[in-house]
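**Q**
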DNA sequence: TAGGTTAACTTACATATGTATTTTGATTTT
DNA sequence: AAAATCAAAATACATATGTAAGTTAACCTA
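Chains as they are written, first to last, in the working numbering: chain A, 857 to 1182; chain B, 857 to 1182.
1) Taking a contact to mean a Cβ-Cβ separation below 8 Å, would you say residue 1065 of chain B touches residue 1016 of chain B in this structure?
2) What residues from chain A crowd round residue 955 of chain B, counting only those whose CB sits closer than 7 Å?
3) Roughly how many angstroms lie between the CA atoms of residue 1112 of chain B and residue 1094 of chain B, to the nearest whole one?
4) Looking at C-alpha atoms only, which residue of B:1035, B:1036, B:1125 and B:922 is the closest neighbour of residue 1057 of chain B?
5) Count the other CB atoms, across all protein chains shown, that sit within 10 Å of the CB of residue 875 of chain A; report buried if there are 16 or more and exposed otherwise.
6) By DSSP, does residue 1041 of chain B sit in helix, in strand, or in coil?
7) State the DSSP-derived secondary structure class of residue 1050 of chain B, mapped to helix, strand or coil.
8) Buried or exposed: which applies to residue 1130 of chain A, given that a residue is buried once 16 or more other Cβ atoms fall within 10 Å of its Cβ?
9) Whether or not the segment 1141-1159 of chain A and the segment 1020-1036 of chain A are in contact is what I'm after, with contact meaning three or more pairs of Cβ atoms, one per stretch, closer than 8 Å; do they touch?
10) Should the segment 945-958 of chain B be regarded as contacting the segment 975-990 of chain B, the criterion being three or more beta carbon pairs within less than 8 Å?
11) Starting from residue 923 of chain A, trace the alpha helix (DSSP H) in both directions and tell me its first and last residue.
12) Taking the C-alpha atoms as reference points, what is the distance between residue 1159 of chain B and residue 894 of chain B?
13) Could you give the distance in angstroms between the alpha-carbon of residue 962 of chain B and the alpha-carbon of residue 969 of chain B?
14) How long is the line joining the alpha carbons of residue 1073 of chain B and residue 1104 of chain B, rounded to whole angstroms?
15) Kindly indicate which residue of B:1154, B:1170 and B:1164 has the alpha-carbon position closest to the one of residue 944 of chain B.
16) Since residue 869 of chain A is in the alpha helix (DSSP H), which residue starts that stretch and which ends it?
17) Please report the residue range of the alpha helix (DSSP H) in which residue 905 of chain A lies.
18) So the candidates are B:1085, B:989, B:992 and B:1090; which of them puts its Cα closest to the Cα of residue 1038 of chain B?
19) Within 10 angstroms of its Cβ, does residue 882 of chain B collect 16 or more other Cβ (buried), or is it exposed?
20) Tell me which residues of the segment 899-911 of chain A have at least one Cβ-Cβ distance to chain B shorter than 7 Å, keeping chain order.
21) Suppose the cutoff is 7 Å on Cβ atoms and the five residues either side in sequence are ignored; what does the same chain contact list for residue 886 of chain A look like?
22) Go ahead and pull the three-state DSSP assignment for residue 1089 of chain A.
23) By the 10 Å Cβ neighbour count, where 16 or more other Cβ atoms means buried, how is residue 888 of chain A classified, buried or exposed?
24) So what does DSSP say about residue 1162 of chain B, is it helix, strand or coil?
25) Using 8 Å for Cβ pairs, my map puts residue 1121 of chain A next to residue 1144 of chain A. What's the rounded Cβ distance?
26) What runs of the beta strand (DSSP E), each 3 residues or longer, lie entirely inside the segment 970-997 of chain B?
27) Looking at chain A, is there any beta carbon in it that lies within less than 8 Å of the beta carbon of residue 913 of chain B?
28) For residue 1053 of chain B, does the count of other Cβ atoms within 10 angstroms reach 16, so buried, or fall short, so exposed?
29) How is residue 1110 of chain A classed by DSSP in three states: helix, strand or coil?
30) Just to confirm my understanding: we take residue 1169 of chain A, look at its own chain, exclude 5 residues before and 5 after, and list those with CB closer than 7 Å. What are they?
31) Using a Cβ-Cβ cut-off of 7 Å (strictly less than) and excluding sequence neighbours within five positions of residue 905 of chain A, which residues of its own chain qualify?
32) Counting only beta-carbon separations shorter than 8 Å, does residue 951 of chain A have a partner in chain B?
33) Give a yes or no on whether 8 Å exceeds the smallest Cβ distance from residue 972 of chain B to chain A.
34) Examine chain B for any beta-carbon lying closer than 8 Å to the beta-carbon of residue 998 of chain A, and answer yes or no.
35) Quick check on DSSP: helix, strand or coil for residue 1097 of chain B?
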């Protein structure tokens, strides 16, 4: 081995970003001034963007799509829809929907003082954390409401709950458990552990939940990596499943297709979700149209945060409730 | 006359910015998608930046300059110094110092709940408003502490106080009076007007003030456009003035050089400023070094927000208290 | 309807940005 | 000490951005 990679410090990146975004200097100018190569300036700015060190806020970001939002409220029977514009080519919905969710949360928190809210996990929530402006809510607690997988911090509730709490200056409480119990372990016995019991009691007093969902296909991280091997996507589809919410697989009417799976799921039960005052679902993508509609129909959603493409699909195929396997 | 200029709507600009900053599309892509020319996209983005519709926040913006901040605290005998990096060429301190002030205010508001704070006026405060992220502080009141001039909204307390209140979601109270009384009008009689009396009483309970300052030269808006014609810059310099704070001209020790001028100034008296718990001065530029030091020496400043260039000058010329006329 | 006026479009181009490739040189290994 | 290794610098270049022309066409006026 030779030299160590030159890890740029936070202070360096901060200074570069200040010159670039506030003083509006060019990258070349900054490089000359700080006596480094332009490449390092360029990379510093890119890293700052990715890691959320610079946050770009747009005032009233969902002003434009009012028509679509109104139609969606009507069609899905929900209280509120937030629709953000998305790039139809190179379609990546995580970032824009995450940004819209972040803006929505900021707005809600400034108006109604949540004491606690629940979070599941997934890339959309991960993206929301990066876009959320730093705040100070010392009386707020972020509660993870779903067990995690072994892989990557976006896919377990620890990374998400602690991430939200970090930027919001709040406390957090995580669910240190897998999303699905291994076969043979008794659910009630498992949940009777002191730490878990205390955590589950917090579900009863949540002011809001941030929900996500997915369909039954390779596009679903849960289906691809999170299911115990005894549970197969084919079996779930046969049973009528079109997607999942909080690890529970639902049919097109939002009813669970497998008591067996439900019994093994470590997380907030759907019955309890109904009782939460604000049920916010962030979800987008053509493959999620079916499960989004099912969740809305069942009453699991007050506010839907999505993009215009998905919004339009939700309206168009008002009658197609097909499970997508692609 | 021919066609009307096509004033882009807020919704249009918002959508363009969303595509550009969140979805990271190129301006050409956005133009193609929305079927307008690239020029209009380009202009929309520029307008959004200037008008503060997009706000770029940098996490912990004054992390880098800790050494300089510590030295300044020591040298000036103040509680806190906030130093932001600045572009030495094409030197414009209003924007970066305004941005730093905005970040500082955001931070302070999230920690200590001010009930009210006072504002003077000037380009630096105007710039701070543009950089300040929208907030909701319904119990906060922004109080203008200085009369205004007839010209431009940045130079009267109405634009500044209402601007701060607007972005912070706060109330405001303005001082509807000129900065200097005309000769012959009795100050006490003038201030006894009901509306003014009520306003002046609020000065006693301020949690913080945002102060600015300037020197005695053409660079000072106050000197160039705000002085009654009986008061000349030459006369003020002869009397020992090196600059002004809240319309009061001070010598190098921070003492007023003209009881006459003070008698005509409509604004918060300096004696009252001393009593405010947080005295924040935002000021930068080589020409302000003298007056900044004088104000600090006199005890008018707890927190100084400035840039690295001015910071370094403040340290270097620890002994030069010259009034700059250039 | 002809002519003047001007916003918006078109074109052009200089500069800035993002990225890939090659070169350099410090450090470690043999 | 020579060779190997690899991060950082240098170089090169395709694309994006900002701005300044000239051109077109909508609209008003007379």
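Every residue, glycine too, gets a C-beta built ideally from N, C-alpha and C.
**A** According to the structure data:
1) Mapped onto the second chain, residue 1065 of chain B falls at position 209. Mapped onto the second chain, residue 1016 of chain B falls at position 160. For residue 1065 of chain B and residue 1016 of chain B, no; Cβs fall outside 8 Å.
2) On the second chain, residue 955 of chain B is found 99 positions in, with the first residue counted as 1. Here the neighbours are 878.
3) Numbered from its first residue, the second chain carries residue 1112 of chain B at position 256. Numbered from its first residue, the second chain carries residue 1094 of chain B at position 238. Their backbone Cα atoms lie some 13 Å apart in a straight line.
4) Taking the first residue of the second chain as 1, we reach residue 1057 of chain B at position 201. The option with the nearest alpha carbon to residue 1057 of chain B is B:1125.
5) By 1-based counting over the first chain, the position of residue 875 of chain A is 19. It is buried - the Cβ of residue 875 of chain A has at least 16 other Cβ atoms within 10 Å.
6) On the second chain, residue 1041 of chain B is found 185 positions in, with the first residue counted as 1. Residue 1041 of chain B: coil per DSSP, three-state reduction.
7) In the second chain, the residue the question calls residue 1050 of chain B occupies position 194. The answer is helix: DSSP assigns residue 1050 of chain B an H, G or I state.
8) Your numbering for residue 1130 of chain A matches position 274 in the first chain. Answer is exposed; the Cβ neighbour count stays below 16.
9) no
10) yes
11) Against the first chain, residue 923 of chain A aligns to sequence position 67. Per DSSP, residue 923 of chain A belongs to the alpha helix (DSSP H) from 922-932.
12) In the second chain, the residue the question calls residue 1159 of chain B occupies position 303. In the second chain, the residue the question calls residue 894 of chain B occupies position 38. Distance between the alpha carbons of residue 1159 of chain B and residue 894 of chain B: 45 Å.
13) Counted from its first residue, the second chain places residue 962 of chain B at position 106. Counted from its first residue, the second chain places residue 969 of chain B at position 113. Taking the straight line joining both Cα atoms gives about 11 Å.
14) For the purposes of this step, residue 1073 of chain B is identified with residue 217 of the second chain, where counting begins at 1. For the purposes of this step, residue 1104 of chain B is identified with residue 248 of the second chain, where counting begins at 1. The alpha-carbon atoms of residue 1073 of chain B and residue 1104 of chain B are separated by roughly 15 Å.
15) Mapped onto the second chain, residue 944 of chain B falls at position 88. Measuring from the Cα of residue 944 of chain B, the nearest candidate turns out to be B:1164.
16) If you number the first chain from 1, residue 869 of chain A lands on position 13. Unbroken alpha helix (DSSP H) run through residue 869 of chain A: 866-873.
17) To locate residue 905 of chain A, count along the first chain from 1; it is residue 49. Run containing residue 905 of chain A: 894-906, per the alpha helix (DSSP H) assignment.
18) Mapped onto the second chain, residue 1038 of chain B falls at position 182. Selected option, being the one with the closest Cα: B:1085.
19) As a position in the second chain, residue 882 of chain B is number 26, starting the count at 1. With fewer than 16 Cβ atoms within 10 Å of its Cβ, residue 882 of chain B is classed as exposed.
20) 909, 910 and 911
21) Taking the first chain and counting its residues from 1, the one referred to as residue 886 of chain A is at position 30. Cβ within range, chain order: 872, 875, 876 and 897.
22) Start at 1 with the first residue of the first chain, and residue 1089 of chain A comes out as number 233. The answer is helix: DSSP assigns residue 1089 of chain A an H, G or I state.
23) As a working note, residue 888 of chain A is residue 32 in the first chain. Result: exposed.
24) One-based indexing of the second chain puts residue 1162 of chain B at position 306. DSSP places residue 1162 of chain B in strand when its eight states are reduced to three.
25) As a working mapping, residue 1121 of chain A is identified with position 265 in the first chain. As a working mapping, residue 1144 of chain A is identified with position 288 in the first chain. Actually they are not in contact, since the Cβ atoms of residue 1121 of chain A and residue 1144 of chain A sit about 20 Å apart, beyond 8 Å.
26) 972-975
27) As a working mapping, residue 913 of chain B is identified with position 57 in the second chain. Yes - at least one Cβ of chain A is within 8 Å of the one on residue 913 of chain B.
28) Residue numbering aside, residue 1053 of chain B sits at position 197 when the second chain is read from its first letter. Residue 1053 of chain B should be labelled exposed.
29) As a working note, residue 1110 of chain A is residue 254 in the first chain. The answer is coil: DSSP assigns residue 1110 of chain A none of H, G, I, E or B.
30) Against the first chain, residue 1169 of chain A aligns to sequence position 313. Excluding positions up to five away in sequence, the list reads 1142 and 1145.
31) Your numbering for residue 905 of chain A matches position 49 in the first chain. There are no such residues.
32) Locating residue 951 of chain A in the first chain gives position 95, where the first residue counts as 1. Chain B, which has a Cβ nearer than 8 Å to the Cβ of residue 951 of chain A, makes this yes.
33) Here residue 972 of chain B refers to the residue found at position 116 when the second chain is read from its first residue. No, residue 972 of chain B does not count as interfacial toward chain A.
34) Here residue 998 of chain A refers to the residue found at position 142 of the first chain. Judged by the 8 Å Cβ criterion, residue 998 of chain A is not in contact with chain B.
35) Residue numbering aside, residue 1097 of chain B sits at position 241 when the second chain is read from its first letter. The answer is coil: DSSP assigns residue 1097 of chain B none of H, G, I, E or B.
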